[in-house]
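Peer 1:
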Amino acid sequence: MTLPQAISLDELKEEGCIYFAHIQEGFDRYACKMLTGSGEYLRTRLLELIWRNGWENSFVDFYYGRLNEKERRIVRKVLNQEQRDYLLAMDVKEEDLYFNLTPELFSITFQLSVTETLFSTFYFSKYPCCVWANFEGKYPVFYKKEEKERIKLDGI
Numbered sequence: 085m086t087l088p089q090a091i092s093l094d095e096l097k098e099e100g101c102i103y104f105a106h107i108q109e110g111f112d113r114y115a116c117k118m119l120t121g122s123g124e125y126l127r128t129r130l131l132e133l134i135w136r137n138g139w140e141n142s143f144v145d146f147y148y149g150r151l152n153e154k155e156r157r158i159v160r161k162v163l164n165q166e167q168r169d170y171l172l173a174m175d176v177k178e179e180d181l182y183f184n185l186t187p188e189l190f191s192i193t194f195q196l197s198v199t200e201t202l203f204s205t206f207y208f209s210k211y212p213c214c215v216w217a218n219f220e221g222k223y224p225v226f227y228k229k230e231e232k233e234r235i236k237l238d239g240i
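Counting from 85, one number per residue, gives the positions in the sequence shown under the working numbering.
#1: Please report the distance separating the alpha-carbon of S209 from that of K228.
#2: Rounded to whole angstroms, what is the Cα-Cα separation between F183 and E200?
#3: Rounded to whole angstroms, what is the Cα-Cα separation between F111 and L172?
#4: Spatial neighbours of V198 within its chain, please: C-beta separation below 6 Å, excluding the five flanking residues on both sides.
#5: If you measure from the CB of V198, is any heavy atom of the ligand MG nearer than 7 Å?
#6: I'd like the span of the beta strand (DSSP E) that includes V247, first residue to last.
#7: Contact check, R150 vs R160 under 8 Å by CB: the rounded distance?
#8: Please classify A217 as buried or exposed, where buried requires at least 16 neighbouring CB atoms within 10 angstroms.
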């Protein structure tokens, strides 16, 4: 089992990821495409972005370490046993917020986002874009206008 590495916000930015603290800033500064559909459709679109960027250029924010124990129990109830075991093995600390994405962590963060239990943002650096999951039932993909062709957003 490969556990993800926590990285700092500065490291996330140094990787070339698009980052903003408030979603309105994203709408103001970047082009945006809204992804909507079933959980399986959204999962497939995110996996396409991971495939295009590579796991090594894919990151996620994960707020589990900042939850109190009651909130953590709620999160764990949404996950299957394999996901719970992986989460416990991660031993997420309060200061850990940004992580290199792994298939297991993707499974966990996507499940929590799609069920509206705990939201995450997915960041990509090879073809810079970020996906806020889940904003009012939609997944906005933010990108630089000039990157649209390289990201191949028309295919999403």
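Ideal Cβ positions, reconstructed from N, Cα and C, are used throughout, including at glycine. Bear in mind the structure is a predicted one, so any value in this text is a computation, not a measurement.
Peer 2: Here's the rundown:
#1: Locating residue 209 in the sequence shown gives position 125, where the first residue counts as 1. Locating residue 228 in the sequence shown gives position 144, where the first residue counts as 1. Cα-Cα distance, rounded: 12 Å.
#2: Indexing the sequence shown from 1 puts residue 183 at position 99. Indexing the sequence shown from 1 puts residue 200 at position 116. Each residue's alpha carbon lies about 20 Å from the other.
#3: Sequence index remark: in the sequence shown, residue 111 carries index 27 (1-based). Sequence index remark: in the sequence shown, residue 172 carries index 88 (1-based). Rounded to whole angstroms, F111 to L172 spans 35 Å at the Cα level.
#4: The residue labelled residue 198 in the question sits at position 114 within the sequence shown. Answer for V198: G123, listed in chain order.
#5: With respect to the ligand MG, the structure offers nothing, as it holds no ligand at all.
#6: Since the first and last residues shown for the chain are 85 and 240, residue 247 lies out of range.
#7: Indexing the sequence shown from 1 puts residue 150 at position 66. Indexing the sequence shown from 1 puts residue 160 at position 76. The pair is not a contact, with the Cβ atoms about 15 Å apart (cut-off 8 Å).
#8: Numbered from its first residue, the sequence shown carries residue 217 at position 133. So A217 ends up on the buried side.
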